[in-house]
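A.B. asks:
Next comes the structure, spelled out in structure tokens:
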């Protein structure tokens, strides 16, 4: 589908104030930008709209895209929860990658009735990122639309960005990542059959099949919250290979506390709250069971403390 055809499918109710970006994770920096967009749109009686992408732009620029923080569905949900009026999900194609900033802006005016843009401080668009903020200022003046730039959000002295959140998660810093995201990072997947080792230890686990495109924190034991069929459960999650039993395949295994039921085929959402420890190899099954009991006790304490805040 051509870029023109994608735009033709979109029919905003009226004139619009827009922003453009990947918005991976919809973190606190994004949230500040969205709030400013909505505030300005309301003052001007315009619809607020987000132009975003179904795939990462680097996938069309001969570079490996980074692992993602959220699916398109989750991103759209977060954008809607922020109060955005409409979302234009575009495929970042070779055609879009080669489209100049001026032509793209003309298309936004023609198809989406764009009357202004609200952009992030690090924005650039078009061929070879030619649409820098300085160039966009010139284009906006020439074409007669407004342009506002939202400054960065800083937490603990660091600019909030998707890159920073990915780095924290890949280092196992799930609590710090949550402060930057404004929520716990989560993984979703269906429960698939495992080896049944957890059940043999009297701590049954659900093996979660996740999408390899998304960020997975390093091996270890995590205190997590599990969402299942509209309910939330305390849970302890192991990411790793199960070295005590000579495992080699990396898996995500979740033990739901105070749950008794069948999970195969169910879709689970796991929120990572705290990293308890590294995954270890134990000399005996008994030592592993003893450590699991300690992990579960620590998980309860962490999650109860969090719930009381």
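Residue numbers (the numbering used here): 240 to 548. Note that beta-carbon positions come from the ideal geometry of N, C-alpha and C, so glycine has one too. For clarity, every value in this text was computed on a predicted model and none was experimentally measured.
1. Looking at the structure shown, is residue 378 part of a helix, part of a strand, or coil, going by DSSP?
2. According to DSSP, is residue 448 part of a helix, a strand, or is it coil?
3. Ordered along the chain, which non-local residues of its own chain (more than five positions away) have a Cβ less than 6 angstroms from that of residue 518?
4. Which residue from 415, 328 and 356 puts its Cα closest to that of residue 514?
5. So is residue 382 buried or exposed if we call it buried at 16+ other beta carbons inside 10 Å?
6. In chain order, which alpha helix (DSSP H) runs of at least 4 residues are fully inside the stretch 325-380?
7. By how many angstroms is the C-alpha of residue 510 removed from the C-alpha of residue 466?
8. For residue 384, which option in 354, 359, 412 and 361 has the closest C-alpha, if you only look at C-alpha atoms?
9. Which residues does DSSP list as the beta-bridge partners of residue 405?
10. Run the CB neighbour count on residue 378, radius 10 Å, all protein chains shown included, and call it buried at 16 or more, exposed below.
11. When the Cβ atoms of the stretch 395-414 are set against those of the stretch 279-298, are three or more pairs found closer than 8 angstroms?
12. Tell me, to the nearest whole angstrom, how far the beta carbon of residue 279 is from that of residue 387; I am working on the premise that it is less than 8 angstroms.
13. Where does the unbroken beta strand (DSSP E) through residue 515 begin, and where does it stop?
14. Going by DSSP, what residue range makes up the beta strand (DSSP E) through residue 483?
15. Can you give the Cα-Cα distance for residue 521 and residue 441, rounded to whole angstroms?
16. From residue 333 to residue 242, what distance separates their C-alpha atoms?
17. Put residue 233 into one of helix, strand or coil per three-state DSSP.
18. If you reduce the DSSP assignment to three classes, tell me which class residue 490 lands in.
19. Does the separation of the CB atoms of residue 444 and residue 428 fall below 8 angstroms?
20. Indicate whether the contact test is met: 3 or more Cβ pairs, each with one atom in the stretch 257-277 and one in the stretch 314-333, closer than 8 angstroms.
21. Please classify residue 390: is it buried, with 16 or more other beta-carbons within 10 angstroms of its beta-carbon, or exposed?
22. Under a three-way DSSP split, which group does residue 311 fall into?
23. Are the C-beta atoms of residue 369 and some chain C residue less than 8 angstroms apart?
24. What three-state label does DSSP hand residue 502 in the structure shown?
25. May I ask which residues mark the beginning and end of the beta strand (DSSP E) holding residue 290?
26. Any idea what DSSP makes of residue 394, helix, strand or coil?
C.D. replies: The structure says:
1. Counting from one through the chain shown, the residue named residue 378 turns up at place 139. Three-state DSSP puts residue 378 in a helix.
2. Taking the first residue of the chain shown as 1, we reach residue 448 at position 209. Strand at residue 448.
3. To locate residue 518, count along the chain shown from 1; it is residue 279. So the list reads 458, 459 and 479, once near-sequence residues are dropped.
4. Indexing the chain shown from 1 puts residue 514 at position 275. Nearest of 415, 328 and 356 to residue 514, Cα basis: 415.
5. Taking the chain shown and counting its residues from 1, one reaches residue 382 at position 143. That one is exposed.
6. Taking 4 residues as the shortest admissible run, the stretch 325-380 contains the following complete alpha helix (DSSP H) segments, listed from N- to C-terminal end: 333-336 and 340-351.
7. The residue you call residue 466 lines up with position 227 of the chain shown. The residue you call residue 510 lines up with position 271 of the chain shown. Taking the straight line from one Cα to the other gives about 8 angstroms.
8. Here residue 384 refers to the residue found at position 145 when the chain shown is read from its first residue. Closest in C-alpha terms to residue 384, from the list 354, 359, 412 and 361, comes 354.
9. As a first step, residue 405 must be located in the chain shown, where it is residue number 166. None; residue 405 has no bridge partner.
10. Numbered from its first residue, the chain shown carries residue 378 at position 139. By the neighbour-count criterion, in which a residue is buried when 16 or more other Cβ atoms sit within 10 angstroms of its Cβ, residue 378 is buried.
11. Contact between the stretch 395-414 and the stretch 279-298 is absent, because fewer than three Cβ pairs lie under 8 angstroms.
12. For the purposes of this step, residue 279 is taken as residue 40 along the chain shown, with counting starting at 1. For the purposes of this step, residue 387 is taken as residue 148 along the chain shown, with counting starting at 1. Your pair residue 279 and residue 387 checks out as a contact, with CB atoms roughly 7 angstroms apart and the cut at 8 angstroms.
13. Here residue 515 refers to the residue found at position 276 when the chain shown is read from its first residue. Looking at the DSSP string, the run of the beta strand (DSSP E) that includes residue 515 is 506-516.
14. As a working note, residue 483 is residue 244 in the chain shown. From DSSP, residue 483 is part of no beta strand (DSSP E); its letter is neither H nor E.
15. Indexing the chain shown from 1 puts residue 521 at position 282. Indexing the chain shown from 1 puts residue 441 at position 202. One C-alpha to the other measures close to 17 angstroms.
16. Here residue 333 refers to the residue found at position 94 of the chain shown. Here residue 242 refers to the residue found at position 3 of the chain shown. If I take the Cα positions, the gap works out to 10 angstroms.
17. Absent from the structure is residue 233, since the part of the chain shown begins at 240 and ends at 548.
18. By one-based count along the chain shown, residue 490 stands at place 251. Collapsing the DSSP output to three states places residue 490 in a strand.
19. On the chain shown, residue 444 is found 205 positions in, with the first residue counted as 1. On the chain shown, residue 428 is found 189 positions in, with the first residue counted as 1. Remark: C-beta atoms of residue 444 and residue 428 do not approach each other more closely than 8 angstroms.
20. Short answer: they touch.
21. As a first step, residue 390 is located in the chain shown; it is residue number 151 there, counting from the start. By the neighbour-count criterion, in which a residue is buried when 16 or more other Cβ atoms sit within 10 angstroms of its Cβ, residue 390 is exposed.
22. Start at 1 with the first residue of the chain shown, and residue 311 comes out as number 72. It is helical.
23. Reference to chain C is not applicable here, since this structure consists of a single protein chain.
24. Mapped onto the chain shown, residue 502 falls at position 263. DSSP, reduced to helix, strand and coil, places residue 502 outside both helices and strands of the structure shown, so it counts as coil.
25. Here residue 290 refers to the residue found at position 51 of the chain shown. First-last of the beta strand (DSSP E) with residue 290: 286-292.
26. Position 155 of the chain shown, counting from 1, holds the residue named residue 394. Strand.
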